[in-house]
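Everything in the sequence shown is counted per the numbering used here, starting at 148 for the first residue and increasing by one. The beta-carbon is built from N, C-alpha and C at its ideal position, and this holds for glycine as well. Okay, structure first, notes after.
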Amino acid sequence: FLKNAAAAYYHPQSKHHRDRALLDRMTLAAEFLTRIQNAEGNIDLLSTNFNSPPDTGFVVHSVATAAKLARMNGDEAVLSLMRDFLLRAGRGLSKGGVHTPNHRWVVCEALAQINDLFPDKQYTNRIDQWLAEGIDIDEEGQYTERSTTVYNPVVNTALVVMAEKLGRPELLEPVRKNLDAMAYLLHPNGEVVTEISRRQDLNTRGTMGGYWFALRWLAIRDRNGLYAAMLKPLEPGHVELPRLMEYPALSGELPADTPVPDDYEREYALHGITRIRRGKTSATLIHRGSSRWVSLQRGGAVVNAVRFASAFFGKGQFIPAEFEKRDGVYLFRQELTGRYMQPVTDPALRPVTPETWPKTMMKRRLSEVCRLVYEARLREISGGFEISISARGTDNVPLAVEINLREGGEITGVDPAPGIAGAFLLGEGSAAYRMGDDVIRFGPGHCEHAYVQVRGAEGKMSGPSVYLTGFTPFEHTFVFAFEG
């Protein structure tokens with residue numbers, strides 16, 4: 148509240164310029180913060196964290212910006228409203244710890260802001276202690292948490308603020324590296340690839356909105372046309388008036404755009420993904436460890452995931468364990484086993500009680516061992532992608548392939564699956580999924596049963612799901628073709 152209120156209060160074109168009622172509310176907010184601050188200078192995040200330096204740091208970001216705007220406008224009276232809170236927070240942040248990798252830079256940003264207002268060696272000493280660990284950016288341009296819509300922007304903002312307020316331009320280099328990487332993690336509709344995240348934005352929808360500050364800062368500073376082009380869809384919706392006022396250089400002239408890449412195939416071995424863009428078409432392949440091993444987009448039409456599972460011993464969800472690209476085909480593989488156990492033969496293990504049963508499991512002879520080998524193959528074809536799915540090794544196992552689509556589109560060519568809302572079956576023909584002018588056609592289908600939620604499979608994803616079903620040995624090839 149405070150930074151936005153201060154911007155409205157000090158901007159000469161604001162209808163709230165020097166408004167007494169707004170000042171009264173700013174005063175109440177500042178008094179509240181001082182009231183909830185503990186003796187160590189920290190605040191509580193009541194939903195989860197207590198006596199929390201990182202959450203104090205997040206609050207300082209806003210309060211310090213408000214205080215900076217007051218100082219820039221020669222308003223020491225308003226600055227004094229926030230002085231005690233900031234100084235006490237500075238003492239806490241100068242010794243406090245963190246929970247997560249990004250918290251280090253959140254705290255350092257806050258300390259840099261406080262130091263800018265009230266210079267003190269304790270602040271820069273603490274910043275140097277954290278910076279001595281090194282900035283945690285990897286060779287593929289992601290920070291530790293790989294959080295493409297939440298914590299990447301948090302870290303980038305922190306590093307830009309520190310670079311400016313501490314006079315350390317070298318801190319901008321990891322920001323550049325991250326922004327360069329993000330240019331290849333964009334879908335045609337402006338959304339961001341989130342499948343690599345290690346945080347709460349995993350498999351969620353989001354845009355580059357949080358990158359606005361870093362993009363504009365470096366587009367102008369470096370005369371970087373790529374950053375200017377990445378910035379364009381974010382304005383005016385993500386423009387931050389307080390930052391424009393605190394950092395006047397942000398209002399400088401942008402360089403001419405350099406087109407954002409939209410025709411490429413790039414493998415990220417470290418992050419375990421492959422990205423493919425062909426204009427309005429976008430594909431993300433997850434090499435290992437995720438049931439959502441492929442997602443596709445054509446403009447606004449989105450296939451959230453293609454997944455499949457069988458009823459194999461209640462553990463038949465396909466989660467690739469092996470990946471390779473061979474002769475232009477992406478190959479995903481997993482092997483599963485199921486078995487039964489014979490009576491124990493070691494007298495020392497008898498009698499078998501509820502307590503000793505788990506111990507005996509590793510000591511029993513196995514029998515009726517069943518195996519199932521999954522393979523999924525994907526190759527790019529003209530105007531789309533071809534996917535082949537096979538499951539072999541144990542016969543007569545029910546299997547279901549799920550093609551999950553983003554809600555809001557129109558689906559034709561399918562039949563409702565009995566008893567499950569938003570579930571459909573696709574037989575021999577093809578289906579069409581339309582979102583506005585964008586169309587994805589897929590098929591042919593395959594329907595031998597309606598057991599789409601096989602035992603042990605992950606639950607149906609939100610949004611409409613179209614199922615192809617059969618029994619092992621299973622081998623089926625289908626195509627996604629794009630229009631619009």
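Rounded to whole angstroms, the separation of the alpha carbons of tyrosine 598 and glycine 566 is 10 Å. Cα atoms of glycine 610 and leucine 552: separation of roughly 6 Å, rounded to the nearest angstrom. Annotation: the stretch 164-199 contains the following complete segments of the alpha helix (DSSP H) (minimum length 4 residues), in chain order: 167-183. In this structure, the beta-carbon distance from arginine 439 to alanine 448 does not fall below 8 Å. Around proline 467, the same chain offers Arg435, Trp440, Phe479, Gln481 as residues with beta carbons nearer than 6 Å, after the five sequence neighbours per side are excluded.
Under the three-state reduction of DSSP, arginine 526 is assigned to strand. Taking a C-beta distance under 8 Å as the contact criterion, arginine 413 and threonine 428 do not qualify as a contact pair.
In the DSSP assignment, histidine 596 falls outside any alpha helix (DSSP H) and carries neither an H nor an E. Contact holds between the stretch 611-620 and the stretch 538-556, because three or more Cβ pairs, one in each stretch, are under 8 Å apart.
Closest in alpha carbon position to arginine 293, among Gly281, Gln276, Glu280, Leu332, is Leu332. In this structure glycine 555 is exposed. Its beta-carbon is surrounded by fewer than 16 other beta-carbon atoms within 10 angstroms. For the pair of segments examined, the stretch 507-516 was found to touch the stretch 484-497: the number of CB pairs separated by less than 8 Å reaches three. Look at tyrosine 477 here: in three-state DSSP terms it is strand. Residue burial is scored here from C-beta neighbours: lysine 150 has at least 16 other C-beta atoms within 10 angstroms and is therefore classed as buried. Between asparagine 272 and glutamate 320, the alpha-carbon positions lie close to 22 Å from each other. By the beta-carbon neighbour count (other beta carbons within 10 angstroms, threshold 16), leucine 417 is exposed.
Rounded to the nearest whole angstrom, the C-alpha separation of aspartate 493 and lysine 506 is 12 Å.
Remark: fewer than three beta-carbon pairs, one from each stretch, lie closer than 8 Å, so the stretch 366-375 and the stretch 342-352 are not flagged as touching. The beta carbon of valine 340 sits closer than 8 Å to the beta carbons of Thr295, Leu332, Leu333, His334, Ile420, Arg422, Thr431 from its chain, once the five residues preceding and following it are set aside; these are given in chain order.
By a beta-carbon distance limit of 8 Å, alanine 154 does not contact proline 383. Their separation comes to about 15 Å. Residue pairing by DSSP places phenylalanine 629 opposite Ile587 in a beta bridge. Sequence-distant partners of glutamate 595 (beyond 5 residues in either direction) whose C-beta falls short of 7 Å from its own C-beta, in its chain, are Thr616, Gly617, Phe618.
If you draw a straight line from the Cα of valine 206 to the Cα of glutamate 338, it is about 28 Å long. Between arginine 370 and proline 402 the beta-carbon gap is near 4 Å, inside 8 Å, which marks them as a contact.
With a cut-off of 8 Å on Cβ pairs, the stretch 159-166 is not in contact with the stretch 227-234, counting fewer than three such pairs. Beta-bridge partners assigned by DSSP to isoleucine 367: none are found. When C-alpha distances from alanine 456 are compared across Val450, Gly475, Leu483, the shortest belongs to Leu483. For proline 505, the enclosing alpha helix (DSSP H) begins and ends at 504-508.
If you draw a straight line from the Cα of threonine 195 to the Cα of glycine 221, it comes to about 38 Å.
For proline 321, the secondary structure class from DSSP, reduced to helix, strand or coil, is helix. C-alpha of arginine 368 to C-alpha of glycine 399: approximately 9 Å in a straight line. Residue burial annotation: serine 529 is exposed, with fewer than 16 other C-beta atoms found within 10 angstroms of its C-beta. Within the same chain, Cβ atoms closer than 8 Å to the Cβ of aspartate 410 are found at Arg424, Arg425, Gly426, the five residues on either side in sequence being excluded. At a cut-off of 3 residues, the continuous stretches assigned as beta strand (DSSP E) that sit fully inside the stretch 409-485 are 410-415, 420-425, 428-433, 441-445, 448-457, 469-473. Methionine 377 carries a helical assignment under DSSP once its states are collapsed to helix, strand and coil.
For the 8 Å CB-CB criterion, arginine 526 and glycine 475 form a contact.
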